[in-house]
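Accompanying notes for the structure given below.
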Amino acid sequence: MKNIFSLNKTGAIFAIMAFAFMLAGCSSSQEKQEEKTAWDTIKEEGKLKVATSGTLYPASYHDSETNELTGFEVEVVKEMAKRMDLEAEFSEMAFDGMLTSVQSGKVDLAANDITMTDERKEKFDFSVPYKHSYGTAMVRKDDLSGIKSLEDLKGKKAAGEATTTYMAVAREYGAEEVIYDNATNDQYLRDVSTGRTDVILNDYYLQRLAVAAFPDLNITIHPDIKFNPVSQGIIMKKDSAKLKKEIDTVLNEMLKDGTIAKISKQFFDGADVSKETDADFK
Numbered sequence: 000m001k002n003i004f005s006l007n008k009t010g011a012i013f014a015i016m017a018f019a020f021m022l023a024g025c026s027s028s029q030e031k032q033e034e035k036t037a038w039d040t041i042k043e044e045g046k047l048k049v050a051t052s053g054t055l056y057p058a059s060y061h062d063s064e065t066n067e068l069t070g071f072e073v074e075v076v077k078e079m080a081k082r083m084d085l086e087a088e089f090s091e092m093a094f095d096g097m098l099t100s101v102q103s104g105k106v107d108l109a110a111n112d113i114t115m116t117d118e119r120k121e122k123f124d125f126s127v128p129y130k131h132s133y134g135t136a137m138v139r140k141d142d143l144s145g146i147k148s149l150e151d152l153k154g155k156k157a158a159g160e161a162t163t164t165y166m167a168v169a170r171e172y173g174a175e176e177v178i179y180d181n182a183t184n185d186q187y188l189r190d191v192s193t194g195r196t197d198v199i200l201n202d203y204y205l206q207r208l209a210v211a212a213f214p215d216l217n218i219t220i221h222p223d224i225k226f227n228p229v230s231q232g233i234i235m236k237k238d239s240a241k242l243k244k245e246i247d248t249v250l251n252e253m254l255k256d257g258t259i260a261k262i263s264k265q266f267f268d269g270a271d272v273s274k275e276t277d278a279d280f281k
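Residues in the sequence shown are numbered from 0 upward in steps of one, following numbering that gives the first Met the number 0.
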């Protein structure tokens, strides 16, 4: 009888332990289900924290008369947030800081004419694209900075921020990098005009407006250099599935009802950047 009791007692202990583990598993599963997502936190706080530069005309800049932050990217985000019943709270910083801030959770999103590349898609989530463009070269008007093609960038001084896709192209073709930290268009363009630098590789639509804004400078868009058709979107932390779904839903509505096209024409001199470009890249 003693042995039988001992066995029964041992069995009971194992049964209790198994039950405890089962409860712990259920509790862990429940906690996982109840864990807040980025979207849940945003809804609770009622605001979207967004990184942007405030110096990239016409995507993100300060109005010369009111000093208010505006631009294509800024106004798209403002309208998107409004439709989501949220307030858009902007933090201005250099491009490198935007990506770091998104990864760390300091901000929820970054919106600053950010190109969707395979490398970035591995590290971040992107919204649906709402801007399409391609790369061009800003050079001196009188001699095209001695550049005929991308192959001629070797040894030339290329201005930009270190981690942009355009600086990566300049680097690939052997240009000497001249790095700026969230500088204004005025500084970039004057440096090319005076010969401190030779070229700025950047988005066609941004370059076109920059030339128009500074007619007295010795600058122009290179007539023969067109490369890398690209799409841009809002960038967010990797695996933000719920947040991405909410953002994509609203952006698709804005694309469909023509809101983004309207905002584009306001900031890009009548051009609709929401449509894919038909430029010849041969």
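Virtual Cβ for every residue (Gly too), placed ideally from N, Cα, C.
Taking C-beta separations shorter than 6 Å and ignoring five residues to either side along the sequence, the partners of Ala-278 in its chain run Tyr-133, Lys-225, following chain order.
Around the beta carbon of Lys-255, fewer than 16 other beta carbons sit within 10 angstroms, so the residue counts as exposed. Gln-186 has its alpha-carbon roughly 11 Å from the corresponding atom of Phe-213. DSSP, reduced to helix, strand and coil, places Glu-67 outside both helices and strands of the structure shown, so it counts as coil.
DSSP, reduced to helix, strand and coil, places Met-97 within a helical segment of the structure shown. Membership of Ser-132 in any alpha helix (DSSP H) is not indicated; the residue belongs instead to the beta strand (DSSP E) covering 130-139. Residues Glu-175, Val-177, Thr-196, Asp-197 of the same chain have their beta carbon placed closer than 6 Å to that of Lys-156, with the five preceding and five following residues left out of the count.
Beyond the five residues adjoining it in sequence on each side, Ala-136 comes within less than 6 Å, by CB distance, of Val-198, Leu-200, His-221, Ile-224 in the same chain, given in chain order.
Note that the region 73-92 touches the region 238-252; at least 3 beta-carbon pairs, one per stretch, sit closer than 8 Å. Between the region 226-244 and the region 95-104, the count of C-beta pairs closer than 8 Å reaches three or more; the two stretches touch. Within its own chain, the residues whose Cβ lies closer than 7 Å to the Cβ of Thr-258, once the five positions on either side in sequence are excluded, are Glu-78, listed in chain order. Counting of Cβ neighbours within 10 angstroms places Gly-194 among the exposed residues, the total staying below 16. In the displayed model, Thr-219 falls within a strand according to three-state DSSP. Close CB contacts of Asp-190 within its chain, under the 7 Å cut and outside five residues either way in sequence, are with Ala-158, Thr-196 (chain order). Judged by DSSP secondary structure, Thr-40 falls within the alpha helix (DSSP H) whose first and last residues are 37-44. Of the residues assessed, Ala-240 falls on the exposed side of the cut-off, its CB having fewer than 16 other CB atoms within 10 angstroms. Going by beta carbons, Asp-107 and Leu-55 fall outside the 7 Å limit.
Asn-227 has its alpha-carbon roughly 12 Å from the corresponding atom of Ala-167. Looking only at Leu-188, Asn-251, Ser-273, the smallest Cα-Cα distance to Val-138 is reached by Leu-188.
Nearest C-alpha to Val-210 among Ser-144, Lys-140, Gly-145: Lys-140. Closest option to Phe-280, judged by alpha-carbon separation, among Tyr-179, Val-229, Met-253, Leu-242: Val-229. When the alpha-carbon of Val-73 is set against those of Phe-94, Ser-148, Phe-89, the nearest one is in Phe-89. In this structure Leu-216 touches Ser-192 by the C-beta definition: roughly 4 Å separates them, less than 8 Å. Going by DSSP, Met-235 is part of the beta strand (DSSP E) stretching over 234-236.
If you compare the alpha carbons of His-61, Thr-116, Trp-38, Gly-96 with that of Asp-180, the shortest gap goes to Gly-96.
For Phe-266, the enclosing alpha helix (DSSP H) covers residues 258-266. By the CB criterion at 7 Å, Ala-109 and Ala-50 fall inside the cutoff.
Separation of Leu-68 and Lys-35 (C-alpha to C-alpha, rounded to the nearest whole angstrom) is 31 Å.
Annotated as distal: Gly-45 and Glu-91, with beta-carbon spacing of 7 Å or more. Between Gly-70 and Ala-87, the C-beta gap is not smaller than 7 Å, which leaves the two residues out of contact.
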